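Whatever position you read off the sequence shown (first residue = 1), add 1 for our numbering.
Have a look at the structure below, then the notes.
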Amino acid sequence: MRGRSRIACISAAAFAAIHSVSLLQAADLTWDADPGTPGIQDAAGDWNTTNTNWFNGATNVPWSNAAPDAAFFGSAAGVFNNATPTNNVTVNSAITVQNINLGIGSNGAGYNILDDFGSGVLTLAGNVEKSSSDGVSQFALGNGLALTSGQHTFKLRDTPGPAPELTIDNAITGSGGITLNNDTYDQWGTMVFTSGNNYSGGTNLVKGRLVITGAGQLGTGAVNISSAGALNFYGANTTFNGDVTVSNPINISRSVYDGAGFDNYRAAIISENTGNANSVMTFDGPFTINSTDARVQANTSRILISSNIQGAAADSTLTVDGDFAGFVSLTGNNTALQGGIRLIGGVQLDVTSQNNLGGPSSPLTFAGSATLHPIGGFMTSFGSHVINTGSFNGGINVDGGHSFTINENLTGGSLGKRGDGTLNIGGTNNLTGGQTFWDAGTVNLTGAGTSTYHSIHLRSPVVNLSSGTVTTANNTTSFGESSKGTRRMVSRFARVVAGSRAHDR
């Protein structure tokens with residue numbers, strides 16, 4: 002054998018020193034709270050680089066940051082026992098982890114990851130998965146969760162009940178981004194942020210719900226909502242602590258809300274009923290729609306989009322949705338939104354100009370029981386807007402001292418009215434698909450033909466029938482009190498129905 006030269010030996014040593022990290026193999030390590038007891042022991046403990054709390058399949062070893070390794074806590078097959086206290090694992094030294102998998106321990110408890118508010122700093126180089134079908138987990142890291150560069154996927158398996166699957170009660174920092182993608186798990190899997198975050202790699206909501214509870218929680222990058230993703234203001238057992246403003250760029254490409262894996266969260270952006278009907282959730286940063294059905298849902302709250310909405314495609318459409326105490330306000334110049342606006346649910350859409358609606362000829366589709374409110378009476382009719390007259394189902398809020406005239410012949414569900422102003426109905430309508438509620442003000446029926454409604458419910462308005470005939474398909478007309486959005490039927494007479502023409506029941 003020929004001897005190696007001294008130079009060759011030095012070169013080999015240098016190569017080994019330079020590439021030693023890459024030659025290390027990352028391992029899947031399972032948490033073992035008590036290495037002195039045979040078998041894996043699921044319990045609380047300290048996560049550091051000294052204790053041999055990690056089982057590599059053959060023996061217990063200390064944690065090493067060099068590779069880095071993946072950490073498994075409990076197992077997906079673990080049986081949850083609600084009476085067992087959660088296993089709290091405390092990070093008390095600098096730890097870098099590739100992936101974290103959160104399961105249920107053999108003691109029946111789930112896992113939380115904490116730190117000691119001192120030298121314990123957790124850096125995530127990979128992804129997080131909650132694999133158990135029960136229990137919830139929490140990251141409560143006083144020193145924050147640091148993300149390395151690149152995207153970090155959070156995959157959360159749904160558990161019974163409204164509680165979120167993973168709550169992160171600490172700041173998230175670093176150049177990385179967050180992708181919520183429950184993948185093969187159900188869409189219900191929910192992650193909650195409760196602190197301000199400054200991670201810069203963006204937020205991608207692919208499948209699942211991300212709940213925020215305050216401003217500045219989405220980092221500094223763009224928020225992309227696609228496939229079956231949803232961004233929620235509150236919900237998931239969170240407590241209301243004030244209005245929220247989001248200034249991040251928002252990009253919505255989601256367009257499917259029905260069918261398996263899609264209909265759990267039936268909007269891309271949702272403001273939940275927090276018990277405070279006056280709460281306002283505001284978007285004031287860039288807002289782009291690349292979807293034929295970008296849904297924004299306000300439930301007993303208000304969503305305000307003050308941005309100029311951009312349409313990334315010719316048919317990009319904003320859909321507003323919500324309950325009867327929900328409001329969506331558009332205050333920007335939205336003329337780039339070429340697909341127009343669709344109104345569904347019971348929500349009210351508040352606008353102050355034609356540009357808020359996408360321009361004076363933009364499509365307006367009434368496909369639920371939602372109400373259009375042209376504030377200050379700037380609209381007196383639909384004008385040149387393209388209206389779905391053959392499948393109309395919606396309403397108008399007319400401010401006091403103003404009027405709105407609908408001379409189009411409408412077929413479909415219903416035609417509702419809110420507000421103290423005057424609604425003039427001059428067309429011949431066949432609206433038998435839903436109940437018609439006229440809540441306030443004056444309704445003038447001036448059409449010459451016969452209009453048929455499923456049923457008419459007069460809560461407080463004056464109705465003048467000056468021409469034609471009005472019939473109700475199910476022989477129901479009720480008179481009662483103003484509701485401002487409830488659906489209760491009452492029978493006591495409230496206002497005079499005046500006119501010289503027939504009102505058939």
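Built from N, CA and C at the ideal position, the CB exists for glycine as well.
All values derive from a computational prediction rather than experimental measurement.
Own chain partners of Ile376 with C-beta closer than 8 Å, once the 5 adjacent residues on each side are dropped
Indexing the sequence shown from 1 puts residue 376 at position 375. Closer than 8 Å at the Cβ level, and outside the excluded window around Ile376, lie Asp351, Val352, Thr353, Asp400.
Would you grab the beta carbon distance between Leu181 and Leu211 for me? Rounded to a whole angstrom, and I think it's under 8 Å.
Along the sequence shown, one-based indexing puts residue 181 at 180. Along the sequence shown, one-based indexing puts residue 211 at 210. Confirmed, about 5 Å.
Can you give me the C-alpha to C-alpha distance between His458 and Ala371, rounded to a whole angstrom?
Here residue 458 corresponds to residue number 457 of the sequence shown, with the count starting at 1. Here residue 371 corresponds to residue number 370 of the sequence shown, with the count starting at 1. Rounded to the nearest angstrom, the two C-alpha atoms are 16 Å apart.
Just to confirm the assignment: which complete beta strand (DSSP E) runs, minimum length 3, are found wholly within the segment 294 to 371?
295 to 299, 303 to 306, 310 to 312, 319 to 323, 328 to 331, 342 to 344, 349 to 352
Is the CB-CB distance between Pro361 and Gly340 below 8 Å?
Translated into positions along the sequence shown, residue 361 becomes position 360. Translated into positions along the sequence shown, residue 340 becomes position 339. Between Pro361 and Gly340, the C-beta spacing is not below 8 Å.
Throw me the rounded Cβ distance for the Asn89 and Asn113 pair, which I believe falls under 8 Å.
Taking the first residue of the sequence shown as position 1, residue 89 is located at position 88. Taking the first residue of the sequence shown as position 1, residue 113 is located at position 112. Contact holds; Cβ gap of about 5 Å.
Ser392 - DSSP class collapsed to helix/strand/coil:
Residue mapping note: residue 392 aligns to position 391 of the sequence shown, counting from 1. The answer is helix: DSSP assigns Ser392 an H, G or I state.
If distances are taken between C-alpha atoms only, which option among Ala110, Asn205, Phe438, Asp187 comes closest to Ala269?
Working through the sequence shown from its first residue, we reach residue 269 at position 268. Measuring from the Cα of Ala269, the nearest candidate turns out to be Asn205.
With the cut-off set at 8 Å, would you say Ile290 and Ile253 are in Cβ contact?
For the purposes of this step, residue 290 is taken as residue 289 along the sequence shown, with counting starting at 1. For the purposes of this step, residue 253 is taken as residue 252 along the sequence shown, with counting starting at 1. A contact, by the Cβ cut-off of 8 Å.
Nonlocal neighbours in the same chain, by C-beta distance under 6 Å from Phe263, ignoring five residues either side:
Counted from its first residue, the sequence shown places residue 263 at position 262. Closer than 6 Å at Cβ, skipping near neighbours: Ala229, Val257.
Mind checking whether Thr429 and Thr451 have CB atoms under 8 Å apart?
Against the sequence shown, residue 429 aligns to sequence position 428. Against the sequence shown, residue 451 aligns to sequence position 450. Judged by beta-carbon spacing, Thr451 lies within the 8 Å limit of Thr429, meaning their Cβ atoms are closer than that value.
Give me the DSSP bridge partner(s) of Gln139.
Locating residue 139 in the sequence shown gives position 138, counting from the first residue. According to DSSP, Gln139 bridges with Asn113, Thr168.
Which residues does DSSP pair with Glu130 in a beta bridge?
Counting from one through the sequence shown, the residue named residue 130 turns up at place 129. BP columns for Glu130 point to Asn102, Lys156.
Which residues mark the beginning and the end of the beta strand (DSSP E) in which His455 is found?
For the purposes of this step, residue 455 is identified with residue 454 of the sequence shown, where counting begins at 1. Start and end: 451 to 459.
Among Asn398, Glu130, Gly413, the one whose alpha carbon lies nearest that of Trp439
The count along the sequence shown starts at 1 and reaches residue 439 at position 438. When each option's Cα is compared against that of Trp439, the closest is Asn398.
Would you give the residue range spanned by the beta strand (DSSP E) that Leu219 belongs to?
Taking the first residue of the sequence shown as position 1, residue 219 is located at position 218. Leu219 -> no beta strand (DSSP E), and no H or E assigned at all.
Considering just the uninterrupted stretch of the beta strand (DSSP E) at Leu181, what are its terminal residues?
Residue numbering aside, residue 181 sits at position 180 when the sequence shown is read from its first letter. Note, Leu181: beta strand (DSSP E), 178 to 182.
For a test of the three-state rule: what should DSSP assign to Gly190, helix, strand or coil?
Indexing the sequence shown from 1 puts residue 190 at position 189. Three-state result, Gly190: coil.
Short Cβ contact (8 Å threshold) for Met192 with Gly178:
As a working mapping, residue 192 is identified with position 191 in the sequence shown. As a working mapping, residue 178 is identified with position 177 in the sequence shown. No, Cβ-Cβ distance for Met192 and Gly178 is not below 8 Å.
For Ile508, does the three-state DSSP call read helix, strand or coil?
Residue 508 falls outside the range modelled here, since the chain spans only 2 to 506, and no answer is possible.
With DSSP as the reference, label Gly384 as helix, strand or coil.
Along the sequence shown, one-based indexing puts residue 384 at 383. In this structure, Gly384 counts as coil in the three-state DSSP scheme.
Using beta-carbon positions only, say whether Phe241 and Asn277 come within less than 8 Å of one another.
Locating residue 241 in the sequence shown gives position 240, where the first residue counts as 1. Locating residue 277 in the sequence shown gives position 276, where the first residue counts as 1. Their beta carbons are under 8 Å apart, which means Phe241 touches Asn277 by this criterion.
Determine, using beta carbons only, whether Thr412 and Thr381 come nearer to each other than 8 Å.
Stepping through the sequence shown from its first residue, residue 412 is reached at position 411. Stepping through the sequence shown from its first residue, residue 381 is reached at position 380. For Thr412 and Thr381, no; Cβs fall outside 8 Å.
Is Gly121 helix, strand or coil by DSSP?
As a position in the sequence shown, residue 121 is number 120, starting the count at 1. Looking at Gly121 - three-state DSSP - the assignment turns out to be coil, as it is neither helix nor strand.
Return the CA-CA distance between Asp244 and Ser302, expressed in angstroms with no decimal places.
The count along the sequence shown starts at 1 and reaches residue 244 at position 243. The count along the sequence shown starts at 1 and reaches residue 302 at position 301. Cα to Cα, the separation comes out at about 10 Å.
Have a look at Ile342, Asn334, Ser307, Val297 and flag the residue whose alpha-carbon is nearest the alpha-carbon of Ser317.
Locating residue 317 in the sequence shown gives position 316, where the first residue counts as 1. When the alpha-carbon of Ser317 is set against those of Ile342, Asn334, Ser307, Val297, the nearest one is in Ile342.
Helix, strand or coil for Gly414 per DSSP?
Walking along the sequence shown from the start, residue 414 turns up at place 413. Looking at Gly414 - three-state DSSP - the assignment turns out to be strand.
Counting along the chain, where does the beta strand (DSSP E) carrying Trp439 start and finish?
Along the sequence shown, one-based indexing puts residue 439 at 438. Taken as a continuous stretch (DSSP letters only), the beta strand (DSSP E) holding Trp439 covers 431 to 439.
Backbone CA spacing between Ser292 and Ser134 [nearest angstrom]:
What you label residue 292 is simply residue 291 of the sequence shown in a count that begins at 1. What you label residue 134 is simply residue 133 of the sequence shown in a count that begins at 1. Straight-line Cα distance between these residues: approximately 33 Å.
Assign Ser23 to buried or exposed, taking buried as 16 or more other Cβ atoms, counted over all protein chains shown, within 10 Å of its Cβ.
Within the sequence shown, numbered from 1, the residue matching residue 23 stands at position 22. With a pLDDT of only 41 at Ser23, under the threshold of 50, the placement of this residue in the model should not be trusted, and no figure is reported.
If you draw a straight line from the C-alpha of Ile306 to the C-alpha of Ser385, how long is it?
Within the sequence shown, the letter at position 305 stands for residue 306. Within the sequence shown, the letter at position 384 stands for residue 385. The straight-line gap from Cα to Cα measures roughly 24 Å.
Would you mind stating whether Leu432 and Ser415 have Cβ atoms separated by less than 8 Å?
Mapped onto the sequence shown, residue 432 falls at position 431. Mapped onto the sequence shown, residue 415 falls at position 414. Yes; because the gap between Cβ atoms is below 8 Å, this pair is in contact.
Check Gly442 in the structure and name its three-state DSSP category.
In the sequence shown, residue 442 corresponds to position 441, counting from 1. Note: Gly442 maps to coil in three-state DSSP.
Meets three-Cβ-pair contact criterion under 8 Å: the segment 73 to 84 and the segment 97 to 112
Counting Cβ pairs under 8 Å, three or more are found: they touch.
Look at Leu123 and Ala141 and say whether their C-beta atoms are less than 8 Å apart.
Indexing the sequence shown from 1 puts residue 123 at position 122. Indexing the sequence shown from 1 puts residue 141 at position 140. Leu123 places its beta carbon 8 Å or farther from that of Ala141.
Please classify Phe81 as buried or exposed, where buried requires at least 16 other C-beta atoms within 10 Å of its C-beta.
Within the sequence shown, the letter at position 80 stands for residue 81. So Phe81 counts as buried.
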